[in-house]
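If you want the working numbering, it's the position in the sequence shown, counting the first as 1, plus 890. No residue lacks a Cβ here, since even glycine has one placed at the ideal position from N, Cα and C. Note sheet for the following structure.
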Amino acid sequence: VLLVNGEGTRRLDASGEPLTYFRRFLADVRDRTATAMPEGHAVRVTRLALEAQARATRLGVPQPSAG
891 VLLVNGEGTR RLDASGEPLT YFRRFLADVR DRTATAMPEG HAVRVTRLAL EAQARATRLG
951 VPQPSAG
């Protein structure tokens, strides 16, 4: 995990943490629940992503150097 804030950038070792999201996500699909991610959170994140995309400036794709 990379943590970036006003103090700088830090790498956090999360290798020992269990990966539960996808198990919970599949259970949510099966059971029609929202334990992995609340619906309101998903809607807010999607809205933010769409707003960021609308405000973004296209810079172009860097071309590989011929060398």
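Secondary structure of residue i, DSSP reduced to three states
i, result
"residue 891", "coil"
"residue 901", "strand"
"residue 944", "helix"
"residue 923", "coil"
Check whether residue i and residue j have beta carbons under 9 Å apart
i, j, result
"residue 894", "residue 903", "no"
"residue 932", "residue 912", "no"
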